[in-house]
Amino acid sequence: MTGVGLGGRAGAGVAVAGALAVVLVGCSSNSAAQQPAPGVVPRSAPSASPVIPSTVGGTVPVPPATMSTAKPTDAAVPPEVPEQATAPPPANAGPLTARNLPTPEKLGAGWKTYSDPGGAEAGFIGNNTWTRRRDPHQASYEALPSGCAGRPVTGSLPVPAYALSGSYRTADAQPATALLLRFTTPAKAQAYYTGYTTRMKSCGTGGDLSVQQLWTTPTAAAAVRAYTGAESYVDLSVLQGSTVALLAATSTQPDKQSDWAHTIAPTLEEVIDRS
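For the sequence shown, position 222 matches number 1270 in the working numbering, and the numbering has no gaps at all.
So, in structure tokens, the structure goes:
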């Protein structure tokens, strides 16, 4: 998640300021020294437009840089263009709204929703509410574990049609984020969920990211994500219908949150696939 624990591979908005350079070509003068000699046809002034060479070193053509216009189909491959942060994102993502996320009291006593202000480091502009639309490709790619010491898992993964992120604060005032990925069919949701949990199980320990499995069922799994020199998270993944939910909660003792994750899984299953 770009949010807490699920990514950090995010993109950020850039402010661009341009400086105008004025080139004066062939300034006229009335002095005789600047007039052409009799019988000599004056050469036209050089064009102010830049000449773009079609070859490098006179032999190799320079292909134009083009971006693919095809709709992304593989969540295991990073997007060509990172998610842009040019304006505050909407609070909803297609059919996904705040009603598809559990209310904070369902997650635990003392939990609260949190309106993340965003910023350059966060990679998005805050929208003054606790939910925000995500780019489906970027969000589903960032959620995958990265920096693992274990054997890499390959294979393509479907890209969701919609992605929505919700921000919380735990009873200990620690960050927590829920990411909802809504696919066009239950089969695609199942394929992504299987690919995600397989990658989590194969991540192992000893890398920049270490993953410790807590428990797993056919439609839910809990694990601990621990980043070297950084925070640790309880990571809960849930599959329901056409939707995958990924909840990451910062914890000082994530390995002791197994029972909590068990109680939260049905809460997510109840709401995430609502139409």
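The beta-carbon is built from N, C-alpha and C at its ideal position, and this holds for glycine as well. Note that this is a predicted model, so its numbers are computed, not measured.
Proximal residues to residue i (C-beta, below 8 Å), its chain only, five neighbours per side dropped
| i | result |
| --- | --- |
| residue 1091 | Unreliable positioning characterises residue 1091 in this predicted model, as indicated by a pLDDT of 45, which lies under 50. A coordinate reading is not provided. |
| residue 1188 | 1123, 1205, 1207, 1208, 1211, 1229, 1240 |
| residue 1250 | 1196, 1198, 1199, 1200, 1201 |
| residue 1127 | 1120, 1183, 1185, 1186, 1189 |
| residue 1160 | 1152, 1216, 1217 |
Terminal residues of the beta strand (DSSP E) in which residue i lies
| i | result |
| --- | --- |
| residue 1155 | Not the beta strand (DSSP E): residue 1155 falls in the alpha helix (DSSP H), residues 1152 to 1155. |
| residue 1001 | Because residue 1001 is not part of the residues shown, which for the chain are 1049 to 1323, the question remains open. |
| residue 1214 | 1210 to 1217 |
Per-residue burial, residue i [other beta carbons within 10 Å of its own, 16 or more giving buried]
| i | result |
| --- | --- |
| residue 1304 | exposed |
| residue 1119 | exposed |
| residue 1186 | buried |
| residue 1230 | buried |
| residue 1178 | buried |
| residue 1292 | buried |
| residue 1129 | exposed |
| residue 1278 | exposed |
| residue 1151 | exposed |
| residue 1218 | buried |
| residue 1265 | exposed |
| residue 1199 | exposed |
| residue 1138 | exposed |
| residue 1153 | exposed |
| residue 1225 | buried |
| residue 1235 | exposed |
| residue 1311 | exposed |
| residue 1148 | buried |
Sequence-distant residues of the same chain with beta carbon closer than 6 Å to residue i, five excluded per side
| i | result |
| --- | --- |
| residue 1283 | 1271, 1273, 1296 |
| residue 1268 | 1286, 1313 |
| residue 1232 | 1209 |
| residue 1258 | 1274 |
| residue 1142 | 1210 |
| residue 1315 | 1150, 1154 |
| residue 1158 | 1219 |
| residue 1222 | 1298 |
| residue 1307 | none |
DSSP three-state assignment for residue i, whether helix, strand or coil
| i | result |
| --- | --- |
| residue 1302 | helix |
| residue 1319 | helix |
| residue 1126 | coil |
| residue 1296 | strand |
| residue 1221 | coil |
| residue 1139 | coil |
| residue 1134 | coil |
| residue 1145 | coil |
| residue 1177 | coil |
| residue 1161 | strand |
Residues near residue i by beta carbon distance below 7 Å, same chain, minus five either side
| i | result |
| --- | --- |
| residue 1317 | 1286, 1288 |
| residue 1204 | 1122, 1124 |
| residue 1197 | 1252, 1253, 1254, 1255 |
| residue 1309 | 1262, 1270, 1282, 1284 |
| residue 1174 | 1136, 1163, 1164, 1165, 1166 |
| residue 1145 | none |
Segment limits, alpha helix (DSSP H) that includes residue i
| i | result |
| --- | --- |
| residue 1327 | Nothing can be reported for residue 1327, as the shown portion of the chain is limited to 1049 through 1323. |
Practice item. List in chain order: all unbroken alpha helix (DSSP H) runs of 4+ residues lying wholly within the region 1227 to 1290. Key: 1234 to 1251
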